[in-house]
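Q:
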Amino acid sequence: MAVPTQPPLKESKVDVLIVGAGPAGYMAALWLARLGINTKFIDKRSTKIFTGQADGLQPRVLEVFETFGFVDRALKEVAVGYEACFYEPHPETGRIRRVDKIPEGVPGISRFNGSVIHQGRIETWLSDAIEEFSGGKIAVERPFLPESLEIGGDEEYPVKVVLRKLPDDKAGPEQFGHKVQNGLYRQFEGDQNQQNGVDSQEDSLEVVRAKYVLGCDGAHSWVRKQLGIEHKGETTDYVWGVLDIVPVTDFPDIRKRCSIHSKDGGSIMVIPRENGIVRLYIQLREGAQHEDQDPVTPIISAAGEKEKPGKKGVRVDRTKLTAEHILATAQNIFQPYSLEVAEMHWFTAYQIGQRVATSFQKDERVFIAGDACHTHSPKAGQGMNVSMMDTFNLAWKVAYVVKGLARPSILSTYESERRAVAEELIAYDQRLSRLFSSKPGEIATEEFRAVIDRGSAFTTGCTVDYASSLLMDKPADAAAERYASPLATGLAIGMRLPDAKMIMQSDARPWFLNQRLLSTGQFRLLIFMGDYASVPALRAQMDGIGAFLAEPANSLQKLRDDGVLQTLLIHASRQDKVEWDDFPAVFRPRDERGVMDYWLVMADSGPSWHDDKTGEAYEKYGISKDVGAVVVLRPDGYVAKVAEPTVDGVKDIWKWLGRFVVGLESGATL
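The UniProt record's numbering applies: residue 1 is where the sequence shown begins, and numbers increase by one.
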């Protein structure tokens, strides 16, 4: 009798496999959906996050949401921060009282203010956009647990990952017996890796062969561990609880971001949220407590000795963590103000750890992002934001290589650019955590507020400055300081383009420039042609650039067709005094039907008929109206290069693009 044979395992091939449906994974999937990449997106949880977890949106991330077309959804729901307050104990009574007010964030740095809403809503907006861009082809597949990862053996699809489909009842988040939803399962190593009773049948396995894998699977990343990458840093002795509540209180600033230091009870950070909810970060106990001490509620267990960098030491005993204990601690700190709870939505507790991975990739085929790369406390409001910006930086580069538009060498810029951001974040978080967790008298009030003030610009996300690289044309020694071309002194190469309002030439409608710079995956040439109507030399330069770009040998049309390059002409002449036909036809292209694109010529001249805030871009960007400049933006909106607005300047840009754009090798089209 023939022995029955096991059917072959299910196999699939994809361009990119994303492991982990957190903020970094969603942003990666969004980019890949937008750029038409064959993507598989998995997560080990059977359910989405609808409450708790991360809650802050920095201005830069809201700018990015605008480029994908759904920032309006955020603005309808979020709680927006405008003012921050500081509370300290009265020197005589010891009761807390307000000692200062400051604006939250940095006024004017962006059109958006820092905002707060729970992570579940953010993931919904991202998920909806992914579905729209991909035509329903990309969605999170749940619950899948990766079991093995190998690199090599297949030249086209070199990464092999074996996945196991989990039963839904084995993949939900552990609530540790609490009735209130909580995030404890996310805070402690090993919780997400315990899959007792998982189906071991072969038909629950799937082999995925991928060109690239993105590990976006959190602080205890399975992908990172498979690659043998260390997460270096330390766990502090600081333990904090978190409550999401609808409060009943006489505290006067409950709808403002507040930093509260009490005399003996610890510290609190107050974060107003949507729908009347307030998030409280509450200092619980110092982890240096040992068993021979007499803790009132022993939520800390000592592991024999105080923790050393990079090692496990003092650990939180999850069984002793309750919402009631955390609330009681908060009530004590809030005195003389009362604090009761009308609704309890979510709670958690965490032990502050600050770590950065020793590498962000393996063989430039498998990459890690977000918490898999860097972990820190949540009080700076950067975890979700920096995670999303990691893959906003990475995913378009992977897409370019997958589509054959760029050489793989561009992938090396991901780690060099994002590691610097992670290290700056960890340094800031270490300072902030130490000061928040210190007692009054151990720190100076002025020192605490100075750290907050210096960190305000960083926490907006708008001051990221990428160093010189293949994709950033600036001197290598400019890495430590802001660098700008003399042609555009207000635009730092390596930083995102600040916004400015100008006028659409074709219909005189005012627009913020960034509203026209959607995330389509294109590099952009912003040709600031100056006041060409008043400077005859500029008119001649504009006509020369137009003729050069129109030559078939210079590949502009192919670059447009491939989605690599878009040109926008921004002049400084009076919009109402110049004619549409003044501009070279290359800036007024027609499609195959003969329909003209009317949205590629803008005027920085104002005020306009209906808006007196136009006409300030040239001044803001440090560009002379008598000279002009050509500014190159990367697909992620960062200024990459500046050249003079001449044929020679555009040729220089073509040579620079030829370093990494396939088919536009240096000098090949000139």
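Using N, Cα and C, we set each Cβ at its ideal position, and we do this for glycine too.
As the structure is a computational prediction, the values presented were derived from the model and not from experiment.
State yes or no: is the C-beta of Ile352 within less than 8 Å of the C-beta of Thr236?
A: Position 352 of the sequence shown, counted from the start, is the residue given in the question as residue 352. Position 236 of the sequence shown, counted from the start, is the residue given in the question as residue 236. Cβ atoms of Ile352 and Thr236: closer than 8 Å.
Q: Determine the DSSP secondary structure at Gly383, reduced to helix, strand or coil.
A: Residue numbering aside, residue 383 sits at position 383 when the sequence shown is read from its first letter. Residue state, collapsed to three classes: helix.
Q: Using the three-state DSSP reduction, which class does Asp561 fall into: helix, strand or coil?
A: Indexing the sequence shown from 1 puts residue 561 at position 561. Here Asp561 sits in helix by DSSP.
Q: Among residues of its own chain, excluding the 5 on either side of Val601, which ones have a beta-carbon nearer than 6 Å to its beta-carbon?
A: Looking up residue 601 in the sequence shown gives position 601. Answer for Val601: Gln505, Leu569, Phe583, Phe587, listed in chain order.
Q: For Gly215, which three-state DSSP category applies?
A: Counting from one through the sequence shown, the residue named residue 215 turns up at place 215. The answer is strand: DSSP assigns Gly215 an E or B state.
Q: According to DSSP, is Ser409 part of a helix, a strand, or is it coil?
A: Residue mapping note: residue 409 aligns to position 409 of the sequence shown, counting from 1. Residue state for Ser409 is assigned as helix, using DSSP reduced to three classes.
Q: Mind checking whether Val661 and Phe548 have CB atoms under 8 Å apart?
A: If you number the sequence shown from 1, residue 661 lands on position 661. If you number the sequence shown from 1, residue 548 lands on position 548. No, they are not a contact pair.
Q: Among the residues of its own chain, which have a CB less than 8 Å from the CB of Ile254, if the five just before and after it don't count?
A: Working through the sequence shown from its first residue, we reach residue 254 at position 254. Cβ neighbours of Ile254 beyond the five flanking positions: Pro247, Val270, Pro272, Val278.
Q: Please report the Cβ distance between Val464 and Met495, rounded to the nearest whole angstrom; I am assuming they are in contact, meaning their Cβ atoms lie under 8 Å.
A: Within the sequence shown, numbered from 1, the residue matching residue 464 stands at position 464. Within the sequence shown, numbered from 1, the residue matching residue 495 stands at position 495. Contact holds; Cβ gap of about 7 Å.
Q: Whole angstroms is fine: what's the gap from His571's alpha carbon to Phe528's?
A: For the purposes of this step, residue 571 is taken as residue 571 along the sequence shown, with counting starting at 1. For the purposes of this step, residue 528 is taken as residue 528 along the sequence shown, with counting starting at 1. If you take the alpha carbons of His571 and Phe528, they lie about 6 Å apart.
Q: Does Tyr87 come out as helix, strand or coil in the three-state DSSP assignment?
A: As a first step, residue 87 must be located in the sequence shown, where it is residue number 87. It is a strand residue.
Q: Could you pull the start and end residues of the beta strand (DSSP E) that Asp15 belongs to?
A: Here residue 15 refers to the residue found at position 15 of the sequence shown. Counting along the chain, the beta strand (DSSP E) containing Asp15 begins and ends at 10 to 19.
Q: With a 10 Å radius around its C-beta and 16 neighbouring C-beta atoms as the bar for buried, classify Arg418 as buried or exposed.
A: One-based indexing of the sequence shown puts residue 418 at position 418. The residue is buried, with at least 16 neighbouring Cβ atoms inside 10 Å.
Q: How would you label Asn385, buried or exposed, when you count the other beta carbons within 10 angstroms and need 16 or more for buried?
A: Taking the sequence shown and counting its residues from 1, the one referred to as residue 385 is at position 385. When all chains shown are included, Asn385 counts as buried.
Q: Enumerated in chain order, which unbroken segments of the alpha helix (DSSP H) with a length of 4 residues or greater are wholly contained in the segment 597 to 621?
A: 617 to 621
Q: Along the chain, where does the alpha helix (DSSP H) that runs through Asp237 open and close?
A: Residue mapping note: residue 237 aligns to position 237 of the sequence shown, counting from 1. Here Asp237 belongs to no alpha helix (DSSP H); instead the beta strand (DSSP E) covers 231 to 249.
Q: Alpha carbon to alpha carbon, how far is Phe41 from Gly22? Give it in angstroms, no decimals.
A: Position 22 of the sequence shown, counted from the start, is the residue given in the question as residue 22. Position 41 of the sequence shown, counted from the start, is the residue given in the question as residue 41. Cα to Cα, the separation comes out at about 11 Å.
Q: Assuming Val140 and Asp43 make a contact with CB atoms under 8 Å, what is their CB distance in whole Å?
A: Position 140 of the sequence shown holds residue 140. Position 43 of the sequence shown holds residue 43. The Cβ separation is near 5 Å, so the contact holds.
Q: In its own chain, which residues sit with a C-beta less than 7 Å from the C-beta of Arg111, not counting the 5 before and 5 after it?
A: Locating residue 111 in the sequence shown gives position 111, counting from the first residue. The residues are Asp499, Phe512.
Q: Could you check what DSSP says for Phe112 in three-state terms: helix, strand or coil?
A: Within the sequence shown, numbered from 1, the residue matching residue 112 stands at position 112. Note: Phe112 maps to coil in three-state DSSP.
Q: Can you tell me where the beta strand (DSSP E) with Thr39 in it begins and where it stops?
A: Looking up residue 39 in the sequence shown gives position 39. First-last of the beta strand (DSSP E) with Thr39: 39 to 42.
Q: Please classify Arg60 as buried or exposed, where buried requires at least 16 other C-beta atoms within 10 Å of its C-beta.
A: Numbered from 1 along the sequence shown, position 60 holds the residue referred to as residue 60. When all chains shown are included, Arg60 counts as buried.
Q: Tell me which same chain residues have a C-beta within less than 6 Å of the C-beta of residue 671, skipping the five on either side of it?
A: No statement about residue 671 is possible, as the shown extent of the chain runs from 1 to 670 and does not include it.
Q: Say whether the segment 215 to 224 touches the segment 351 to 368, bearing in mind that this needs 3 or more beta-carbon pairs closer than 8 Å, one atom from each stretch.
A: yes
Q: Grab me the residues of Val159's own chain with a C-beta within less than 8 Å of its C-beta, minus the 5 sequence neighbours each way, in chain order.
A: For the purposes of this step, residue 159 is taken as the residue at position 159 of the sequence shown. Hits under 8 Å: Leu17, Leu149, Glu150, Ile151, Arg209, Ala210, Lys211, Tyr212, Val213, Arg365, Val366.
Q: Specify the secondary structure class of Gly313 as computed by DSSP and reduced to three states.
A: Taking the sequence shown and counting its residues from 1, one reaches residue 313 at position 313. The predicted position of Gly313 is uncertain, since its pLDDT is 46 and thus under 50; a value taken from the coordinates is nonetheless stated next. Three-state DSSP puts Gly313 in coil, outside helix and strand.
Q: Would you say Val116 and Asp55 are within 8 Å of each other, going by their C-beta atoms?
A: The residue you call residue 116 lines up with position 116 of the sequence shown. The residue you call residue 55 lines up with position 55 of the sequence shown. Yes.
Q: Apply the 10 Å Cβ neighbour rule to Lys306 and answer buried if 16 or more other Cβ atoms are within range, or exposed otherwise.
A: As a first step, residue 306 is located in the sequence shown; it is residue number 306 there, counting from the start. Because the pLDDT at Lys306 is just 35, under 50, the model does not fix this residue reliably, and the point stays unresolved.
Q: Between Pro475 and Val356, what straight-line distance do the alpha-carbon atoms span, to the nearest angstrom?
A: Indexing the sequence shown from 1 puts residue 475 at position 475. Indexing the sequence shown from 1 puts residue 356 at position 356. Near 27 Å, if we compare the C-alpha coordinates of Val356 and Pro475.
Q: Excluding the 5 residues flanking Gly190 on each side, which residues of the same chain have their C-beta closer than 8 Å to its C-beta?
A: Stepping through the sequence shown from its first residue, residue 190 is reached at position 190. For Gly190, the pLDDT reaches just 42, beneath the cut-off of 50, and the residue's location in the model is therefore unreliable, leaving the point undetermined.
Q: Is there contact between the segment 84 to 91 and the segment 258 to 265, where contact requires at least three CB pairs shorter than 8 Å?
A: yes
Q: May I ask you to verify whether the segment 322 to 342 touches the segment 123 to 137, counting CB pairs closer than 8 Å and requiring at least 3?
A: no
Q: Starting from His325 and walking both ways along the beta strand (DSSP E), at which residues does that stretch end?
A: Along the sequence shown, read from residue 1 onward, the residue named residue 325 stands at position 325. DSSP places His325 outside any beta strand (DSSP E); the residue lies instead in the alpha helix (DSSP H), whose first and last residues are 323 to 334.
Q: What is the C-beta distance between Ala74 and Thr391, in whole angstroms, given that I count them as a contact (C-beta under 8 Å)?
A: In the sequence shown, the residue the question calls residue 74 occupies position 74. In the sequence shown, the residue the question calls residue 391 occupies position 391. Contact doesn't hold; Cβ gap of about 18 Å is too wide.
Q: Closer than 8 Å is the cut-off here; do at least three beta carbon pairs connect the segment 68 to 82 with the segment 406 to 414?
A: Contact annotation: the segment 68 to 82 does not touch the segment 406 to 414, with fewer than three C-beta pairs closer than 8 Å.
Q: Where Ala328 and Gly94 are concerned, what is the direct C-alpha to C-alpha distance, given to the nearest angstrom?
A: Sequence index remark: in the sequence shown, residue 328 carries index 328 (1-based). Sequence index remark: in the sequence shown, residue 94 carries index 94 (1-based). One C-alpha to the other measures close to 18 Å.
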